[in-house]
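Notes to accompany the following structure.
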Amino acid sequence: MKPFKTNVLKQKSLLFCLLLILPFSLITEIKAQTSNKEKPIKVRYNAETVKINSSTSEIISEKRLSNGKGMSLKAEVTAAIDGERPEADLTFNVKLPIAGRYVMRTYAVTDEEGAKLMKKAKTKYESMYIRIQIDDLRPTKRVVYVPWDRPLQTSGKFEFNGQDQQVKIWLPKGVRFEYLELTPYTPPAVPAKAEAYRPKVVPLSGHPRLWVNQESLQVVKAGLTKGENTPAWEKVKKAALTSFDFKFDPNAEMSFDAKLETAAESKAFYYLMTGDKKVGREAITLMKDYLSHVEFGNLLDITREIGRAITAASEVYDWCYDLLSPEEKKIYCQNLMRLADDMEIGWPPFLQKVVNGHGNEAQVCRDLLSMSIAIYDENPLPYRYTSYAILEELVPMRKFEYQSPRHNQGVNYGSYRFGWDMHAAWLFYRMTGKPVFDDNIKDVRNYWQYMRTPDGQMLRDGDGFGSGSGGKPYYWSAAQTMLLCYAYAADPLLKAEFQRQGSLPNNPVLFLLLNDPDLKAEPSRESLPLTKDFGKVLGSMVARTGWNIGPNSSDVVAEIKGGGYIFGNHQHSDAGSVQLYYRGFQFGDLGLYKFYGTPYDLNFNKRSVAHSMMLAVDPSEKFLTSESNDGGTRFVQRHPVTPEEVKANPLFYNGKVLSTSFGPSKLKPFFSYFSVDLKGAYSAKISAYNRSMMFLNLDREDVPAAIILTDDMSTAKPEFKKYWQINAHNKPLLTESGVVLQNQLGDLVGKAHVDILVPSADARKLEVFSGADANSSFKFKYDAPVSSLAEGKGHRIMLTPNKESNNDHFLSVVQLTSGETKPLPVTHLVTPVSDVIVLADRVLSLNKGLDYINQQFSFKIPAKGSYQVVLAGMKAGDWNVISSDGKVKFNTNVKEGENTIFFIGTSSTYKITPGKVSNLKTLSINENNMPGKK
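Read left to right, the sequence shown gives residues 132 to 1065 (the numbering used here).
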């Protein structure tokens, strides 16, 4: 095939670049559907019509394929996907009834050899490829099979001329190829609102306008040689002044080159900062030649590599605009639009939604937005479409979601996708000088600060997580997102976190664009409150005893989540789940994420059974198309696209946060309380369910903290079995009162003594599932991905009441102890409306049942000494508390949404009554009463 001309995008080149995505294959089965409405033509080629190279390949029987036949290399033949053999293994004669663009798909399965290769594979780069050649055009390699068991692969879009043509295929070892299918390509429909959209926020006249405008350009220039910017500038300068040797063979496929893209970006940035025209021209020529010849395959998520090229080219275009000739502008614009057409989101960019999934990654928020801003003068249509998606769809959705300052896609996918939200925020802000996102986008940065565990890892949330192998030290990082966040919010604490994560040595250009060298990093975290309430959209609370991060930390961290809404995709079915960390994870999640959509992923990893939470089994319940019934919350993979849809559609309802309270100090609280109504998170099998967690900072080294969990669950039928579950990394020790868990950080051993008070030992059945049995959902077992992580071989502790009942109450106390320290005595008292727990110098009253306490009750503190008393689950309004010895008597007002009363008491009987009593003082809270004051 002839190479692309630098002045015109040839049709044949486009044909070839589309063909490169073709996975080769399968059977000819012409399904041309014709009618007066010209229904789409679907043409399929398979073993019935293939011209097979009998010296290399054969047709074999394969019951997994729809027609029972597949095509495969002979056992003794070596694959030739890199051009080692000129004769193709398979040849399909193609004559399509209509000339035009077609989507090509292939279907193949693996044989025993291929299955072994795919099981060992750890990344997408170990996918299996075929070599394809259309007629005499340049051959290309395309993915035909991936490690996560997806027989059907979309190869891409191709131009066919309606004449006799040949598709030649060279097979890899290990696959059995069934068919190749061609379907006419239809571009994504443009929503009527997008077509009519005329954005009010538009690029300013003149250049630059990507990452800087004329005003901010001066600020960036002034900071180049200040403080920590100096070494970054020297790095860019060195790269810009170094020649980049770019050679290509027009007869061979040229893959993407990240180093070339970085070199061109550095040269363009250097020109922008210095005005060195020689370097600017080098950037233009380098990127122009690259754009005119580069081809991208159909590797998983190749849109990310395409987008990176689009972004780099857009920066060169914008930053070197005054050096571009009209002909060069034309070449850039044509090739940018050619690459945009190959993006996963399609062109026009409406195949995916910008609010979640891959549509919420770099495609729109960085890549197409950068392109549309850069070429706005030459072609304003791309900006109309991308600005509509961001300003009219993404911005309103994020304003709603970020009322809870955490990300619904979890720690890892959340940090990745939030980084692209921040790219959009920055690009608009630097283009116009005004923000387009609500200010609450600044608060989301807190999520990654609070999810940090004392050993440097993160609490688990959503798919994927970073962890050191074999217990080795590991500090989770997402430095680029931290840079975008601290610079946008001018946050010195997060800047220090960015530095702890290693900064951004491989992207000095972005660092120089955003970093303010006059903002001094603050390494201490002590100004951050120890407890974080994340609000009601993504209901959750994280409570901790300190901010000591390191190998000798003895801090405790607990999280509970539930209430608000579920947004699908990488978010798990984990409403009500709890995690507890002390010198390692004591209990929490067991799932491992490797590939999306595997049986293990959809039946275990993403499901409730892999989390520490309540299950209730309705034997007839179905969870989408998955085989397992784990008894958990509803399994939602679909995502909402507008705030109105979130709130109106019960599919996305995930329960309601009832109460969040912590104190008496808001900086370093002694208690942290969270209560949630989780009925809506489950199917109709649950008629009512509330879960509460009380976290206690005990302010001592031997027993640093405790949590109290209460569950009140009612099922629609008494025979629906309920299961109280916690999942541990290490094998638990069963005791008369419950279980003892343990973990270790270096030489420091931490234990969690789980005292199950209700149901009593004679009214419950307690089981432990370990190893392979832990990776199960009742009768179904799943193979965890190969990993050294403890989550892949953990333990599930399940408790179920002996008797069937519609309603069950669960109460447990968990004490964290250092080494061989014995747990403290626990006293359990019962009032008509609450459970009262006495532990160390704490007295906790927690409401029983589903309702707030709204009537008089009393309890007695029997022992001598001073106690911190917390009354939880109290109805909002006026109350009075009077002790029998008269030492404690006060009026107080319980706040809506907090539902707690905190006071200091001694041994006496306490009567708590709704309403005010005349002449009683109002309770005052000493917010200086905090841990560490002894």
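No residue lacks a Cβ here, since even glycine has one placed at the ideal position from N, Cα and C.
Since this is a predicted model, take the numbers as computed values, not measurements.
Confirm, please, whether the CB-CB distance from residue j to residue i is below 8 Å.
i	j	result
V668	F531	yes
A883	L809	no
S305	L248	The sequence as given places Gly at residue 305; Ser does not occur at that position. Yes, the Cβ-Cβ distance between G305 and L248 is below 8 Å.
E657	A627	no
Q588	Y560	no
A320	P278	no
A211	K299	no
R273	N429	yes
N821	L789	yes
V1001	A837	no
L723	E922	yes
Y260	P303	yes
H424	M385	yes
V899	V885	no
F851	K896	no
H770	F698	yes
I521	V575	no
E312	K173	yes
Q284	F223	no
Go ahead and label residue i buried or exposed: buried means 16 or more other beta carbons lie within 10 angstroms of its beta carbon, across all protein chains shown.
i	result
I152	Below a pLDDT of 50, predicted positions are generally treated as unreliable, and I152, at 32, falls in that range; the measurement from the model is reported next regardless. Flag for I152 reads buried.
N1050	exposed
N1057	exposed
N679	exposed
K753	exposed
K799	buried
E867	exposed
N700	buried
T165	Annotation note: pLDDT 32 at T165 (below 50); position unreliable, coordinate value reported separately. Burial call: exposed.
T764	buried
N487	buried
K1064	exposed
V917	exposed
V961	exposed
T1040	exposed
Q294	exposed
Q264	buried
G715	buried
V526	buried
R175	buried
R675	buried
P362	exposed
P217	exposed
List the endpoints of the continuous alpha helix (DSSP H) containing residue i.
i	result
V351	Q345 to G354
N577	N577 to Y581
H884	Taken as a continuous stretch (DSSP letters only), H884 belongs to no alpha helix (DSSP H), being part of the beta strand (DSSP E) at L879 to V889.
V526	V526 to E532
K409	K408 to L422
E951	That residue, E951, is in no alpha helix (DSSP H); it is neither H nor E in DSSP.
Under 7 Å from any heavy atom of the ligand GDP, does the C-beta of residue i make it?
i	result
L876	No copy of the ligand GDP occurs in the structure displayed, which carries no ligand at all.
Provide the residue span of the beta strand (DSSP E) that contains residue i, from first to last.
i	result
R236	G231 to T241
S814	Here S814 belongs to no beta strand (DSSP E), and DSSP marks it neither H nor E.
K787	K787 to G794
T773	Where T773 is concerned, there is no enclosing beta strand (DSSP E), given that its DSSP letter is neither H nor E.
A389	A389 -> not in any beta strand (DSSP E); alpha helix (DSSP H) instead, spanning A389 to T405.
Y696	Run containing Y696: none; DSSP gives neither H nor E here.
Is there a Cβ from chain C that is less than 8 Å from the Cβ of residue i?
i	result
I680	No chain C appears in this structure, which consists of one protein chain only.
Query raised in the report: Using 8 Å as the Cβ pair cut-off and three pairs as the minimum, do the region 403 to 416 and the region 225 to 245 touch?
Result: Too few Cβ pairs lie closer than 8 Å, so no.
Query raised in the report: Do the region 512 to 531 and the region 494 to 501 touch if we need at least three Cβ pairs shorter than 8 Å?
Result: yes
Query - Length at least 3, wholly inside the region 903 to 946: the beta strand (DSSP E) runs in chain order - result: 926 to 932
Report task. Counting only runs of 4+ residues fully inside the region 304 to 377, write out the alpha helix (DSSP H) ranges in chain order. Result -> 323 to 327, 345 to 354 and 360 to 371
Query - Three-pair Cβ contact test at 8 Å for the region 959 to 974 versus the region 1020 to 1030 - result: no
Query raised in the report: Unbroken alpha helix (DSSP H) runs of length 4 or more, entirely within the region 727 to 765: which are they?
Result: none
Query - Runs of alpha helix (DSSP H) lying entirely within the region 612 to 693, each at least 4 residues, in chain order - result: 623 to 631 and 639 to 645
**Report entry** Validate contact between the region 659 to 666 and the region 639 to 648 using beta carbons, cut 8 Å, 3 pairs
**Finding:** Because the criterion of three Cβ pairs below 8 Å is not met, the region 659 to 666 and the region 639 to 648 do not touch.
Query raised in the report: Which full runs of the beta strand (DSSP E) of 3+ residues lie inside the region 969 to 1017, going along the chain?
Result: Runs of beta strand (DSSP E) with 3 or more residues, each lying fully within the region 969 to 1017, are found at 973 to 978, 988 to 1003 and 1008 to 1014, listed in chain order.
Query raised in the report: Any contact of the region 457 to 467 with the region 501 to 512, i.e. 3+ C-beta pairs under 8 Å?
Result: yes
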